[in-house]
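Reading through the structure tokens given below for one structure.
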Amino acid sequence: MNIQFFGAAGEVTGSCHLVKFGSQRILLDCGLIQGGRKDEARNREPFPFDPKSIDAVVLSHAHIDHSGRLPLLVKAGFSGSIYTHRACRDLCRIMLKDAGFLSEKDAEWENRKRARKWLDPVEPLFTVEDARVVMSHFKGLVYAKKQRILPGVSLRLSDAGHILGSSIVELWLAEGEETRKLVFSGDLGRSGMPVLEDPVPIKQADLVIMESTYGDRLHRSWKDTQCEIHEVLNLATHGKGNILMPAFAVGRTQEILYLFARHYKEWGLDRWHIFLDSPMAIEATRVFTQHSDLFDADTAGLWRQHKKNTLLPNLHISRTANQSMAINRIRSGAIIIAG
50 MNIQFFGAAG EVTGSCHLVK FGSQRILLDC GLIQGGRKDE ARNREPFPFD
100 PKSIDAVVLS HAHIDHSGRL PLLVKAGFSG SIYTHRACRD LCRIMLKDAG
150 FLSEKDAEWE NRKRARKWLD PVEPLFTVED ARVVMSHFKG LVYAKKQRIL
200 PGVSLRLSDA GHILGSSIVE LWLAEGEETR KLVFSGDLGR SGMPVLEDPV
250 PIKQADLVIM ESTYGDRLHR SWKDTQCEIH EVLNLATHGK GNILMPAFAV
300 GRTQEILYLF ARHYKEWGLD RWHIFLDSPM AIEATRVFTQ HSDLFDADTA
350 GLWRQHKKNT LLPNLHISRT ANQSMAINRI RSGAIIIAG
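What follows is the structure in structure tokens.
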């Protein structure tokens, strides 16, 4: 077995690891490199391997620093399957499309500047159409089911608890009478957080590739976070102002909605108008509701109540630019979740 690390090694973004075993070539993640202009320029460089030689990709989760170069991989000749959890597949459909749209807009902006200097135009890193094409390669799987994906290669996904559909990857690689097990953690979630289940412990492996983004840092407790949000609500209530809550579209937004539903009466949230003002967060929340079987027990119970009786009757979804702009006229009593 030979493993080469082409990203998220000595840096946080651009997760991309090539596993060579016998004649098989398996890519673990294919993420976008993020950071400054010099860092992001590396996304335009050719892959340090032949994409046509890759037999399969296993994707740990949908975040762009793990999935964002998949359209480029297909454009460069990859023709195999991309194995991931089915919820991850559904998130990738909207997240890669959004990344392609932003890439097109960035190229338009750059080309306007280049035209003034009589410079040749640049192409988008990838387009919305490229994002659509890559989705035909996705194979959506479920957790806890071991299955053969290539000759001599079996795969099982377990819940990583990071975002919806995130996976700890277990690969069994067989050659002759010998089988070795490789575990790839992807990004791991924190235990005791709402909405999703805790990460599933893996009991055995011959080799582990594991993230270490936070090193030995200790996160504060979820209880402390709840107390801080409650305190902000109280301050804004007495000050008669609005609350703007910047939140990642995938993960954090859904945790906030859970928190408001859980404490709706206790925190007096009926006095507020709650606005979800992010097209991506709206789409991501829709995907979450389509995969409610992945919720933890508490969130699943809340979701069942919600389907019988709306838990956040004062939640307003801003689907259009006009609806979003109308929020600017509200001087007090609004909670705006935006990302």
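Residue numbers (the numbering used here): 50 to 388. C-beta: ideal position from N, C-alpha, C; glycine also.
Original post:
Roughly how many angstroms lie between the CA atoms of P95 and G80, to the nearest whole one?
Top reply: Approximately 14 Å, taken between the alpha carbons.
**OP:** Can you tell me which of K146, L121, R138 puts its alpha carbon nearest to the alpha carbon of L108?
**Re:** If we check each option's Cα against that of L108, R138 comes out closest.
Original post:
Count the other CB atoms within 10 Å of the CB of Y263; is the residue buried (16 or more) or exposed (fewer)?
Top reply: Residue environment for Y263: exposed (fewer than 16 other C-beta atoms within 10 angstroms of its C-beta).
Original post:
For the candidate residues W352, M329, P250, whose alpha-carbon lies nearest to that of Q339?
Top reply: Nearest to Q339 by alpha-carbon distance, out of W352, M329, P250, is W352.
Original post:
Three-state secondary structure (DSSP) at A370?
Top reply: Of the three classes helix, strand and coil, the one that applies to A370 here is helix, per DSSP.
Original post:
Can you tell which of H279, D147, V257, R239 has its C-alpha closest to the C-alpha of R266?
Top reply: It is R239.
Subject >> Candidates Q83, T369, S116, N377: closest to G214 by CA position >> reply: Looking at the Cα atoms, S116 is the closest of the given residues.
Subject >> Cβ-Cβ separation, P100 to F127 (assumed contact under 8 Å), whole Å >> reply: The beta-carbon separation of F127 and P100, rounded to 4 Å, stays under the 8 Å limit for a contact.
**OP:** Name the two residues that bound the continuous beta strand (DSSP E) containing Y392.
**Re:** Summary: the structure shown does not reach residue 392, with the chain confined to residues 50 through 388, and so no result is reported for it.
Original post:
Which partner residues of Q354 appear in the DSSP bridge assignment?
Top reply: Looking at the DSSP assignment, Q354 forms no beta bridge with any residue, so it has no partner.
Original post:
If you drop the 5 nearest sequence neighbours on each side, which residues of the same chain put their C-beta closer than 8 Å to that of Q354?
Top reply: Answer for Q354: L360, listed in chain order.
**OP:** Could you tell me if F324 is buried or exposed, where buried requires 16 or more neighbouring beta carbons within 10 angstroms of its beta carbon?
**Re:** Answer is buried; the Cβ neighbour count reaches 16.
Subject >> Buried/exposed call for H268, threshold 16 Cβ in 10 Å >> reply: The residue is exposed, with fewer than 16 neighbouring Cβ atoms inside 10 Å.
**OP:** Determine the direct distance from the alpha carbon of A383 to that of I331, and round the result to whole angstroms.
**Re:** Those two C-alpha atoms are separated by around 18 Å.
Subject >> Coil, strand or helix - H365 by DSSP >> reply: H365 falls in the strand class under three-state DSSP.
**OP:** Report the rounded CA-to-CA distance for S72 versus I198, giving the unit in angstroms.
**Re:** Approximately 14 Å between the Cα atoms of the pair.
Subject >> Length of the line joining the Cα atoms of L282 and I292 >> reply: About 8 Å.
**OP:** Tell me whether the beta-carbon of K194 lies closer than 8 Å to the beta-carbon of R205.
**Re:** Closer than 8 Å, so yes.
Subject >> Expected contact under 8 Å - CB spacing of V183 and P120 to nearest Å >> reply: That pair is a contact at about 5 Å.
Original post:
CB-CB under 8 Å to Y307, same chain, minus the five flanking residues each way: which ones, in chain order?
Top reply: The beta carbon of Y307 sits closer than 8 Å to the beta carbons of P243, V244, T348, L351 from its chain, once the five residues preceding and following it are set aside; these are given in chain order.
Original post:
Hey, is the region 148-155 in contact with the region 219-233, meaning 3+ C-beta pairs nearer than 8 Å?
Top reply: The region 148-155 vs the region 219-233: no contact.
Original post:
Got a sec? Which residues, its chain only, sit under 6 Å from A285 by beta carbon, not counting five neighbours each side?
Top reply: Answer for A285: I292, listed in chain order.
Original post:
In whole angstroms, what is the alpha-carbon distance linking M316 and A209?
Top reply: Note on residue identity: the sequence assigns Trp, not Met, to residue 316. Annotation: W316 to A209 spans about 31 Å, alpha carbon to alpha carbon.
Subject >> Distance between R91 and D104 (C-alpha atoms, nearest Å) >> reply: Each residue's alpha carbon lies about 24 Å from the other.
Subject >> Limits of the alpha helix (DSSP H) - the one that R229 falls within >> reply: No alpha helix (DSSP H) contains R229, which is instead part of the beta strand (DSSP E) from 227-233.
Subject >> Three-way DSSP call (helix, strand, coil) for M259 in this model >> reply: M259 falls in the coil class under three-state DSSP.
Original post:
Which residue from Q275, T228, S216 puts its Cα closest to that of F256?
Top reply: It is Leu, not Phe, that sits at residue 256 in the sequence shown. Among Q275, T228, S216, the Cα nearest to that of L256 is on T228.
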